[in-house]
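Taking it in order: structure first as structure tokens, then the write-up.
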């Protein structure tokens, strides 16, 4: 039996998160696009290709491999609050790991900056797979891996793309059968465009370590919040709760 007080708290959080997901980005965020274009010119073409290859490999591994697969945890009898608490513990551990890794590779310039990109992707996916398993999702199933990639997309995409993705994640059971032919090339480009700026700054001399630690920590934080709320929607839909 769920605690009514906690459910009300979760519903308020979900409502606030939905508003945040659907609102237009700030002026400052939108103006960084021109800065991103200028910074891209400073980075060798092989670096751009390495980023693209890393995202493609991550996508293929998630859908077809078993690298990050975990058995669903035995949390059927757990309350939503208990699942949220465990997911938060997992996220804290991965945020620390990501910050340490970002600081280390960020201090090494372009070459180590390139190494950071696939390493960070791996940390993100491990975090995602472990977090959702505590909500009872079986990541051995293709449809749950598809859900994981959509959570990832939602966390790191542009305003317009995010508005398309949000209802898909919110009402997953209504949409999942139509998503077998997702355009993963568009997904890769969305992710690249979303985090290019901070990752490229990480490759610049003098500021790489600070940017790397800060960026990785916050990127994991965004992913964690998206994962928690996406899983909450799944659980509440399954248990027939509503905001009314």
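Residue numbers (the numbering used here): 70 to 313.
No residue lacks a Cβ here, since even glycine has one placed at the ideal position from N, Cα and C.
- One Cα belongs to residue 120, the other to residue 233, and the distance between them is close to 25 angstroms.
- Counting the other CB atoms within 10 Å of its CB gives residue 260 a total of 16 or more, which places it among the buried residues.
- Under the DSSP assignment, residue 86 falls in the alpha helix (DSSP H) whose first and last residues are 73-91.
- Annotated three-state conformation of residue 214 is helix, per DSSP.
- The beta carbon of residue 79 is closer than 7 angstroms to those of 149 and 301 in its chain, skipping five residues each way along the sequence.
- Distance from the Cα of residue 85 is smallest, within the candidate group 306, 307, 218 and 294, for 294.
- Distance from the CA atom of residue 237 to the CA atom of residue 286, rounded to whole angstroms, is 27 angstroms.
- Just so you know, the alpha carbons of residue 156 and residue 203 end up roughly 7 angstroms apart.
- Boundaries of the alpha helix (DSSP H) around residue 229: 228-239.
- Counting only residues of its own chain and dropping the five nearest sequence neighbours on each side, residue 213 has a CB closer than 8 angstroms to the CB of 201, 206 and 207.
- In terms of CA proximity to residue 139, 217 leads the group 129, 256 and 217.
- Taking C-beta separations shorter than 7 angstroms and ignoring five residues to either side along the sequence, the partners of residue 220 in its chain run 197, 238, 295, 296 and 299, following chain order.
- For a cut-off of 8 angstroms, the C-beta gap from residue 289 to residue 193 is around 7 angstroms, short enough to register as a contact.
- When secondary structure is reduced to three states using DSSP, residue 308 falls in the coil class, being assigned neither helix nor strand.
- Spatial neighbours of residue 142 in its own chain (CB-CB distance under 6 angstroms, excluding positions within 5 residues in sequence) are listed in chain order as 202 and 203.
- DSSP places residue 204 outside both helix and strand once states are collapsed to three, so it counts as coil.
- Here residue 186 is not near residue 222, since their CB atoms are 7 angstroms or more apart.
- Listed in chain order, the non-local C-beta contacts of residue 209 below 6 angstroms within the same chain comprise 138, local neighbours out to five positions each way being set aside.
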